[in-house]
Amino acid sequence: MKIVVCIKRVPDSETRVKIATDGKSLDEAGVKFVMNPYDEFAVEEALRRKEKAGAGEVVIVALGLAAAQETIRTALAMGADRGVLLQTDKVPADSFETARLIAAELKTGTWDLILFGRMAIDDYNHQVGVLVAELLGLPCVSAVSHLDLDGSKGVAEREIEGGIEVVEFPLPAVLTVDKGLNEPRYPALKGIMAAKKKPLEVKAVQAGAGAIEVAALTPPPERKEGRIVGEGAGAVPELIRVLREEAKVL
Amino acid sequence: MSKVLAVLEQRDGTLRKVSFEVVTAAGRLGSAVDAVVCSSNAPEGCATAVAERARSGGYRAVVFAATATGRDLAPRVAAKLGVAVAADVTDLAIEGDAIVATRPVYAGKATQKVRVLGKPGVVSVRPNVFTPNAQASQVKPETLSVSSPGRVVVREVKPAPAGTVDVAEAQIIISGGRGLKDPANFKVLEELAKAFGGRAAVGASRAVVDAGWRAHADQVGQTGKTVSPSLYIAVGISGAIQHLAGMRTSKVIVAINKDKDAPIFKVADYGVVGDLFEIVPKLTEEIRKLHG
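Residue numbers (the numbering used here), protein chains in the order written: chain A, 1 to 250; chain B, 1001 to 1292.
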């Protein structure tokens, strides 16, 4: 199986957000960057599929700054075979631009499966995988939490509000994956050493301005300071009272 | 007068609540709102039908719900129109020639304002944010017929067990964390949820989902669901930053925790310090009285 996994370098989920002086972006000083957690499920799934098939290749593609090489190396340390960085000096705010550049790269190969995380935990756009599928004219299932593949077709489960959708699709296909699909492995020391020697190609790309531009990034509205209404079960009547009379939610 | 297309969702022939929110949000962007709904849940067929209508109707904007279905459909349609989606929007306005969309990023640790310059602009709105107006409740959507379903076929929808409310849509969420001590103890939260009479869902922190105590579908936080219920009750949750990110836009937050210094009390409107196994059953009893 030839599988490509598209990943993104994002600030760790424990990051405290500070706004940069331009008022539009994150102040990256002191921020720890990691592979987008949803992308880890995609990498893991690709490795398992290849291992099960007994042959094939897992290729990692990332669009981003030069520093995203590090993120690709993490995927290589998990066991992927090679990586491609589409290097830009600025990650586009417009997901269509991101998708266009990734789709152009993917067109240079043939794939059985193209995997993405269902969303990135920084920009919350949850769309690049679906856009790429459309641009490549491939079938797509988003937010996959269970996957069965059988020859040239697959069955995926995806969570919807109040239930689970069971979806059938032909291969090749683009899938965006959700937590719950698998348990991603940690790179072993041997993998980390091996990753240093694996091929990682860097290609400079130029993103267009796009049709979505960031006007401002601000801290979220502060919550009004709350108060402790009491201790133990004895405080429950007072809690009920404030919820009814002050907050008016009961 | 600019026209806006509102793409609604229905299940079993009934419009879903979020659909009225979509109509309301669409009304912010133009004086005339056309509402449509697909005749089938086939994602490719529905996307083709909506994109054709968006193109032929000369719309200024196309508005979706940022639900599991809408998050799948919106980018399919947007790609066909050659634009991106301004996703998960919590506020919308027109400034000059541009649509200005407000959206939480970094799971709500910051708010981004974007100018949507595409024609049409494609937007998805976060559920539970836009309060439906009177016009919205009168909406009679046109059904777009899906001529060919496409390659991706929905074979079946397995409904969640009867009586459970989805965390993403619930008006009231009662979430549990490590303080529950054992997966079986979530029963006390389920009892409380039941006391609210079918409006409440049981959520979970990442720690207990990662421990396998609760399903991922229930997880609230940066790698789970970002929610905005009217009432969020955090039980035995210390309040890691990634959890706070996922629930800080709740209208009212209550925290129940034995540690009075737990960070959860910093974002809670009302806190009760003490043993959750005494406090929650008492709360359940009182809520039952109110609804009895």
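From the three backbone atoms N, C-alpha and C, an ideal C-beta is built for every residue, glycine too.
The structure presented is a predicted model; accordingly, all values stated were derived computationally and were not measured.
Chain A contact for residue i (CB, 7 Å cutoff)
i	result
B:T1223	yes
B:E1191	no
B:L1244	no
B:A1068	yes
B:T1111	yes
B:I1279	yes
B:K1140	no
B:H1216	yes
B:Y1232	no
B:L1029	no
B:E1156	yes
B:G1198	no
One or two residues paired with residue i in a DSSP bridge
i	result
A:Q206	DSSP lists no partner for A:Q206.
A:R9	A:M35
A:I72	Bridge partners of A:I72: none, in fact.
B:R1011	B:T1014
A:V61	A:C6, A:V84
A:G56	DSSP, once it has assigned bridges, lists no residue as partnering A:G56.
A:L113	A:I3, A:A173
B:S1148	According to DSSP, which records beta bridges pairwise, B:S1148 is partnered with nothing at all.
Nonlocal neighbours in the same chain, by C-beta distance under 6 Å from residue i, ignoring five residues either side
i	result
A:V202	L85, Q87
B:P1183	W1213
A:V5	A42, V43, A46, I60, L115
Neighbourhood of residue i by C-beta, 8 Å cutoff - its chain only, sequence neighbours within 5 removed
i	result
B:T1223	R1206, Q1242
B:R1199	V1165, A1170, Q1171, I1172
B:I1287	L1192, A1195, F1196
Beta-carbon proximity list for residue i, same chain, < 7 Å, skipping 5 on both sides
i	result
B:T1069	E1009
A:V255	The first residue shown for chain A is 1 and the last is 250, placing residue 255 of chain A beyond what the model contains.
A:A143	R118, R158, E159, T176, D178
A:A66	Q87
A:A20	L26, D27
CB contact below 7 Å: residue i versus chain B
i	result
A:S25	no
A:D122	yes
A:P199	no
A:L239	yes
A:F33	no
A:E159	yes
A:V84	no
A:I3	no
A:S13	yes
A:Q127	yes
A:F41	no
Residue i Cβ short of 6 Å to the ligand NAD heavy atom set
i	result
B:P1159	Among the components of this structure there are no ligands whatsoever, and the ligand NAD is therefore not found.
Item to check | Start-end ranges of the alpha helix (DSSP H) lying completely within the segment 1241-1292 of chain B, minimum 4 residues | outcome: 1241-1247, 1264-1267, 1276-1291
Next on the checklist: Restricting to runs no shorter than 4 residues, where is the alpha helix (DSSP H) found entirely within the segment 1086-1136 of chain B?
Outcome noted: none
Checklist entry - Where in the segment 1014-1054 of chain B do unbroken runs of the beta strand (DSSP E), each at least 3 residues long, occur, reported from the N-terminal end onward? => result 1032-1038
Checklist entry - Looking at chain E, which residues of the segment 205-220 of chain A have a Cβ within less than 8 Å of any of its Cβ atoms? => result Absent here is chain E; the protein component of the structure consists of chains A and B.
Next on the checklist: Under 8 Å, with one C-beta from each stretch per pair, do the segment 1105-1112 of chain B and the segment 1245-1258 of chain B reach the 3-pair mark?
Outcome noted: yes
Checklist entry - Is the segment 145-159 of chain A close to the segment 171-188 of chain A, with three or more CB pairs under 8 Å? => result yes
Next on the checklist: I'd like to know if the segment 87-101 of chain A and the segment 138-150 of chain A are in contact, where contact means that at least 3 CB-CB pairs between them fall below 8 Å.
Outcome noted: no
Next on the checklist: With three or more C-beta pairs closer than 8 Å as the rule, is the segment 189-198 of chain A touching the segment 61-77 of chain A?
Outcome noted: yes
Checklist entry - Taking one C-beta from the segment 211-222 of chain A and one from the segment 1084-1100 of chain B each time, how about it: are there three or more such pairs within less than 8 Å? => result yes
Next on the checklist: If contact is defined by three or more beta carbon pairs under 8 Å, each pair taking one atom from either stretch, is the segment 1122-1129 of chain B in contact with the segment 1263-1281 of chain B?
Outcome noted: no
Checklist entry - How about the segment 1015-1025 of chain B and the segment 1127-1140 of chain B: do they share at least three Cβ pairs that are nearer than 8 Å? => result yes
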